[in-house]
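*Asks:* Residue numbers (this note's numbering): 104 to 1087.
The C-beta atom is built at its ideal place from N, Cα and C for all residues, glycine as well.
Remember, predicted model here, so these are calculated numbers, not experimental data.
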Amino acid sequence: MLAFFCGFFAFLTSFTSTNTPNLYWNKTSGLKIPDYLTQQEKWADSLLATMTLDEKVGQLFMIATFSNRTENYYQQVENNIATYHLGGLIFFQGGPYRQAKLTNRYQQLSRIPMMIGIDAEWGLGMRLDSAIEFPKQITLGAIQDNSYVEKFGEEVGRQCKRLGIHINFAPSVDVNTNPKNPIINYRSFGESQYNVAEKGAMYIKGMKKYNVMGSAKHFPGHGDTDQDSHRTLPWVGHSIDRLNEVELYPFRRLIADSVASLMTAHLFVPALEPRTNTPTSISRKIVTEIIKEKMGFQGLAVTDALNMRGITAGLQPGEPDFLAFLAGNDILLQTGNLPAAFNKIKTAVETGQIQISDLDARVKKILKAKFWVGLNNYKPIELSNLGSDLNSKKAYDLKAELFEQAVTIVRNQDNLLPFIHLDTTSFASVAISADYNNEFQKMLSQYANFRHFAIPFKPASDKDIAWVLEEAAKYKVVVVSVHDMNSRGDRNYGVSPATVAFINQLRQKTKVVVVGFGNPYGMKLYDGVPNLVCGYEDEAASQRIVPQILFGALPAKGKLPVSVTYEQKVGTGIQTERLGRVSFGSAESVGMNAQKLAEIEQIVQQGINNRAFPGCQILIARKGKVVYNKNFGTLRYDYYEPVNDQTLYDIASMTKVTATLQAMMMLNERGAVDLNEKASTYLPEMRGTNKENMLVSDILMHQAGLVAFIPFWEKTKSAGSFKNDYYRFAKDSTNLQVADNLYITPAIKDSVWKWVMQSKLINVYDKLGGFRFTYSDLGLLILQKIVERVTNQPLDEFVEQNVYEPLGMSSTLYNPNTKFAKINIAPTENDAIFRGSQIQGTVHDPNAALLGGVAGHAGLFSNVSDLVKLFQMNLQKGYYGGRQILFAGTVPLFSKNYTQKSHRGLGWDKPEEGDDKPIVAINASMNTFGHSGFTGTVVWVDPDRDLIFIFLSNRVYQSSANNKINTLKIRKRIHEVINAAIVQ
């Protein structure tokens, strides 16, 4: 008796809202039954009592329809709705807006609102243009955390609800044990019945949150056949023991979980139905006796499409539908001949061949389902903002998360992955069957200096392949990505023999990592490759995720959902850990409000409109993830030269913390430089000068008495002319470049150093008699000299080898014109006073220019994508990319304030309590550290909020007198928005 009551309540709740309803006491049965169920029963009974026979028969049918056809077609659908009183429609190809308009139009014709369905296994994009496609089920099968599958189901449910769809004929819970399966394959969660069952349940659970019904299909399991039921009747010959153990397991699991709908397949399964060539869908033994009676399924039994050859062969028009009803199906899907099917069933009722009580029971079940999906309170679809509602940023973020969870490292025999030693490894990539600089290659370049190749066409010429093979083999590691794959084993999964041969030849010459952006069964083509990654699908989202896993910005979590070869078995997947490199994702994923961050654009646009700067780059990272990386404006005013990811900016005084301070921190922790020692300890020539007793720490804190700035370049000109003692107008092997067509002799470095030594000290003291805080460029020239003297190496070479190369910073350098074209470098000032030319590609700061572009206080060029690596390393206490670049205590030591003379740390700028400086937010944490640059740049690192903000611009174009960036407080306001966007 207890079992009966449990089953009875499961039936009652199979169409019950996920919201807990009010309960009342049923005096007759003694059961507590939700009040909701009473309303559902009443609504269904009241409608049923008013329905004609035609209306009852019509409720059984859901016909196929499209939103990409002609008006004549739509009128024919309307005629069918009016004539046959259809219970529902299943939409196929078209578009969301057109479908919504047609749904509203069609629903107006029906006295009883129609149930709208769709076959959207991987989201609406499976059927509709202008709608997001989510990963296929085989990709989801690789995910180990099934809560992500529930999130996926919830988002699909939300989109269905928004588009007026009540039932999604998904998921496929077929257990795909046959790699040659032409119809299921990638539509299955895989070959493990347990994985399939659990993920199917989570998919359906997610949709239920929006009262959208799922449908477990295709009973009893379409996974082990190599035939397509669209063309013929597939045969599954397993024993009843095998079927119970594998194929039927997911259906039992979902029936126990009160799945609302179950789709019967057009399969011949002799172990369940001995009658020759009898499809499951028209077998009463299977649909009624097994599914409904033995397995206890109380939901809607739905046929697979009744116009498929697997059911129509040998039957007269209307007969498949009639036999499907007799078998016990409740909904007849996608009939091949509506008039014939309708009339045949109606006649059978009129003649007593079908009992009216049986018809009423089926119709009432359908009506109760309609109540559950909300059709008792039908409302037309709201058309405004439909596209943006469906294709939300949240949906795209979820898509990326799903790929992040699924990507699988299949083999890592060399322990090459994730990549760590960027400074000792040269990288190349070869994209096969994809355009050059695709999303995959662009993301690879975010992490290391790659040379990219592409073999875009199939088949490629032997000459092209040979050239790429020769060039790529010059690099220590080559990442080969294979694109445009398919799921057809008989077509080699879309991979040419030439591609396989190319990979096998290349791996004999160098280390190769193969990434297959396609069906996991296709990984068997690369079974001999020692380093193999399955990206599952050739989607931009997957292409952006895989490089992050290759470089340890994200961990590898996925496992193969199917067996590919003897070595590549189901469950294979090498798990890796994060290496501390920045990853890329959504603001919400790190507890920030994306809508709040959108306010940044208005602030930037105000700056551009007011000519505070022509363009800029902005990057925000939190919790190790870049969540905002945008380019605005142009390189110059009034010219269409858009700022892009590769644009390099002169970062001016940010050089102090990006180069010189990094070197000083490194030398201090090595014991090579003591902050409490005098600078003259390392630079003996300072002895006997007014700088003899300056402490290194005081220089770092700008309280050593040095003057702020001396225009040394004035000593190299006379009456506005360049002195011949210093300058040259043609480059040779030794001259240093000052500007375009202007060079200077290397001896200038000795002259500038002499002038520094001869410079006066400030005559400003604090209350204790020491020098007051005075921000000085000269101090950084002294620190540069200390670095170079101690290391016996130029500053630029030292930071390149010890900091930038290990971090993969290939776009941070002095004198960028030696490596990059001018079109990639933002111009700065039109210098009419010193150089008499427009500055682009050489440093803006005149003293740094005088020194040939390499100085301790200025000279570096970079972009936000490169700089975030350095400052993330600083935020992570020296750790990045699996390596400890600096000791864990070093950055905290230097970023702390030790003096009452200023708010600054050792080299770092910091916020000041109550200060209203135009470069830092008033709501910034007091532990924030960073620096600004004269050219219109700033970086702020906040360890309390795990936050990085980088802003680069060329506000000095064309004049350094333009101070609007400060009067408008652009950087400050953006920083305040960023801090306000943090919600957790």
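For Leu486, tell me which candidate among Lys1067, Val673, Leu682, Tyr200 has the shortest Cα-Cα distance.
*Replies:* Numbered from its first residue, the sequence shown carries residue 486 at position 383. The shortest C-alpha separation from Leu486 is found at Tyr200.
*Asks:* So, Lys579 versus Phe530, is the Cβ gap smaller than 9 Å?
*Replies:* The residue labelled residue 579 in the question sits at position 476 within the sequence shown. The residue labelled residue 530 in the question sits at position 427 within the sequence shown. Yes; because the gap between Cβ atoms is below 9 Å, this pair is in contact.
*Asks:* For His1034, write down the residues that DSSP places opposite it in a beta bridge.
*Replies:* Translated into the one-based positions of the sequence shown, residue 1034 becomes position 931. Beta-bridge pairing links His1034 to Val1042.
*Asks:* Pair every Cβ in the region 188 to 197 with every Cβ in the region 474 to 483, then say whether three or more of these pairs are closer than 8 Å.
*Replies:* No, the region 188 to 197 does not touch the region 474 to 483.
*Asks:* I believe Met305 touches Gly244 by the beta-carbon criterion, under 8 Å. Please report the beta-carbon distance rounded to the nearest angstrom.
*Replies:* Against the sequence shown, residue 305 aligns to sequence position 202. Against the sequence shown, residue 244 aligns to sequence position 141. Rounded, the Cβ-Cβ distance is 12 Å, inconsistent with contact.
*Asks:* On a Cα-Cα basis, can you pick out the residue from Val583, Ile1081, Gln1087 that is closest to Gly619?
*Replies:* Walking along the sequence shown from the start, residue 619 turns up at place 516. Comparing Cα-Cα distances from Gly619 to each of Val583, Ile1081, Gln1087, the minimum goes to Val583.
*Asks:* Count the CB pairs spanning the region 500 to 519 and the region 635 to 649 that are closer than 8 Å, and state whether there are at least three.
*Replies:* With the cut-off at 8 Å, the region 500 to 519 and the region 635 to 649 touch.
*Asks:* So, with DSSP's three-state summary, where would you put Met797?
*Replies:* Counted from its first residue, the sequence shown places residue 797 at position 694. Met797 falls in the coil class under three-state DSSP.
*Asks:* If you draw a straight line from the alpha carbon of Thr1070 to that of Gly625, how long is it in whole angstroms?
*Replies:* What you label residue 1070 is simply residue 967 of the sequence shown in a count that begins at 1. What you label residue 625 is simply residue 522 of the sequence shown in a count that begins at 1. Their backbone Cα atoms lie some 60 Å apart in a straight line.
*Asks:* Considering only C-alpha positions, which residue in the set Pro949, Gly736, Leu435 is nearest to Ala404?
*Replies:* One-based indexing of the sequence shown puts residue 404 at position 301. When only C-alpha atoms are compared, the closest one is Leu435.
*Asks:* For the region 430 to 448 against the region 160 to 174, are there 3 or more C-beta pairs whose distance is under 8 Å?
*Replies:* Contact between the region 430 to 448 and the region 160 to 174 is present, because at least three Cβ pairs lie under 8 Å.
*Asks:* Excluding the 5 residues preceding and the 5 following Phe937 in the sequence, name in chain order all residues of the same chain whose CB lies nearer than 6 Å to its CB.
*Replies:* Walking along the sequence shown from the start, residue 937 turns up at place 834. Closer than 6 Å at the Cβ level, and outside the excluded window around Phe937, lie Trp816, Pro949.
*Asks:* For Ser364 versus Gln401, is the C-beta spacing smaller than 9 Å?
*Replies:* Taking the sequence shown and counting its residues from 1, the one referred to as residue 364 is at position 261. Taking the sequence shown and counting its residues from 1, the one referred to as residue 401 is at position 298. Not in contact: Ser364 and Gln401 (Cβ atoms no closer than 9 Å).
*Asks:* Among all the DSSP beta bridges, which residues are the ones paired with His555?
*Replies:* In the sequence shown, counting from the first residue as 1, residue 555 sits at position 452. DSSP lists Ser532 as partners of His555.
*Asks:* Since Tyr868 and Phe874 are thought to touch, with beta carbons under 8 Å apart, how far apart are those beta carbons, to the nearest angstrom?
*Replies:* By one-based count along the sequence shown, residue 868 stands at place 765. By one-based count along the sequence shown, residue 874 stands at place 771. Correct: roughly 6 Å between the Cβ atoms.
*Asks:* If you reduce the DSSP assignment to three classes, tell me which class Tyr624 lands in.
*Replies:* For the purposes of this step, residue 624 is identified with residue 521 of the sequence shown, where counting begins at 1. Reduced to three states, the DSSP call for Tyr624 is helix.
*Asks:* Below 8 Å, how does it come out for the region 942 to 960 and the region 827 to 842: are there three or more Cβ pairs, yes or no?
*Replies:* Cβ pair count under 8 Å is three or more, so yes.
*Asks:* Compute the Euclidean distance between the alpha carbons of Lys1075 and Val1042, then round it to the nearest angstrom.
*Replies:* By 1-based counting over the sequence shown, the position of residue 1075 is 972. By 1-based counting over the sequence shown, the position of residue 1042 is 939. Cα to Cα, the separation comes out at about 11 Å.
*Asks:* State the DSSP-derived secondary structure class of Ser824, mapped to helix, strand or coil.
*Replies:* Numbered from 1 along the sequence shown, position 721 holds the residue referred to as residue 824. Correct three-state label for Ser824: strand.
*Asks:* Less than 6 Å between C-beta atoms, sequence neighbours within five positions excluded: which residues of the same chain meet that for Lys733?
*Replies:* Counting from 1 along the sequence shown, the entry for residue 733 is found at position 630. So the list reads Ile721, once near-sequence residues are dropped.
*Asks:* On the three-pair Cβ rule with 8 Å, is the region 581 to 598 touching the region 535 to 549?
*Replies:* Contact between the region 581 to 598 and the region 535 to 549 is present, because at least three Cβ pairs lie under 8 Å.
*Asks:* Mapping DSSP to helix, strand and coil, what is Ile1022?
*Replies:* Along the sequence shown, read from residue 1 onward, the residue named residue 1022 stands at position 919. DSSP places Ile1022 in coil when its eight states are reduced to three.
*Asks:* Per DSSP, which residues does Arg265 bridge with? Please list them.
*Replies:* Within the sequence shown, the letter at position 162 stands for residue 265. None, per the DSSP bridge assignment.
*Asks:* Enumerate in chain order the residues of its own chain whose CB-to-CB distance from Lys728 is below 8 Å, with the five nearest sequence positions on each side excluded.
*Replies:* As a position in the sequence shown, residue 728 is number 625, starting the count at 1. Cβ neighbours of Lys728 beyond the five flanking positions: Val685, Ser686, Phe687, Gly688, Ser692, Val693.
*Asks:* Might you give, ordered along the chain, the residues of its own chain that have their beta carbon closer than 8 Å to the beta carbon of Asn838, omitting 5 neighbours on each side?
*Replies:* Residue mapping note: residue 838 aligns to position 735 of the sequence shown, counting from 1. Result list for Asn838: Arg831, Tyr846, Ile847, Thr848, Pro849, in chain order.
*Asks:* Quick check on DSSP: helix, strand or coil for Arg831?
*Replies:* In the sequence shown, the residue the question calls residue 831 occupies position 728. Three-state DSSP puts Arg831 in a strand.
*Asks:* I need the boundaries of the alpha helix (DSSP H) containing Tyr352, first residue and last residue.
*Replies:* The count along the sequence shown starts at 1 and reaches residue 352 at position 249. Run containing Tyr352: 352 to 359, per the alpha helix (DSSP H) assignment.
*Asks:* Looking at the structure shown, is Met366 part of a helix, part of a strand, or coil, going by DSSP?
*Replies:* To locate residue 366, count along the sequence shown from 1; it is residue 263. Three-state result, Met366: strand.
*Asks:* Using the Cα positions of Thr1125 and Thr675, report the straight-line distance between them to the nearest angstrom.
*Replies:* The structure shown does not extend to residue 1125, since the chain is modelled only from 104 to 1087, so the question has no answer here.
*Asks:* What's the gap between the Cα of Gly638 and the Cα of Arg773?
*Replies:* Here residue 638 is taken as the residue at index 535 of the sequence shown, counted from 1. Here residue 773 is taken as the residue at index 670 of the sequence shown, counted from 1. If I take the Cα positions, the gap works out to 43 Å.
*Asks:* May I have the straight-line CA-CA distance separating Lys1020 from Gly992, to the nearest angstrom?
*Replies:* Walking along the sequence shown from the start, residue 1020 turns up at place 917. Walking along the sequence shown from the start, residue 992 turns up at place 889. In a straight line, the C-alpha of Lys1020 is about 29 Å away from that of Gly992.
*Asks:* DSSP state of Arg208, grouped into three classes?
*Replies:* Numbered from its first residue, the sequence shown carries residue 208 at position 105. Helix at Arg208.
*Asks:* Using three-state DSSP, classify Thr406 as helix, strand or coil.
*Replies:* Position 303 of the sequence shown, counted from the start, is the residue given in the question as residue 406. DSSP places Thr406 in strand when its eight states are reduced to three.
*Asks:* Using DSSP's beta-bridge definition, name the partner residues of Lys320.
*Replies:* Residue 320 sits at position 217 when you count from the first residue of the sequence shown. Answer by DSSP bridge pairing, in chain order: Ser275.
*Asks:* Whole angstroms is fine: what's the gap from Ala701's alpha carbon to Phe735's?
*Replies:* One-based indexing of the sequence shown puts residue 701 at position 598. One-based indexing of the sequence shown puts residue 735 at position 632. Near 13 Å, if we compare the C-alpha coordinates of Phe735 and Ala701.
*Asks:* Pull up the DSSP beta-bridge partners for Tyr752, would you.
*Replies:* Along the sequence shown, read from residue 1 onward, the residue named residue 752 stands at position 649. DSSP output for Tyr752 lists Ser965 as bridge partner(s).
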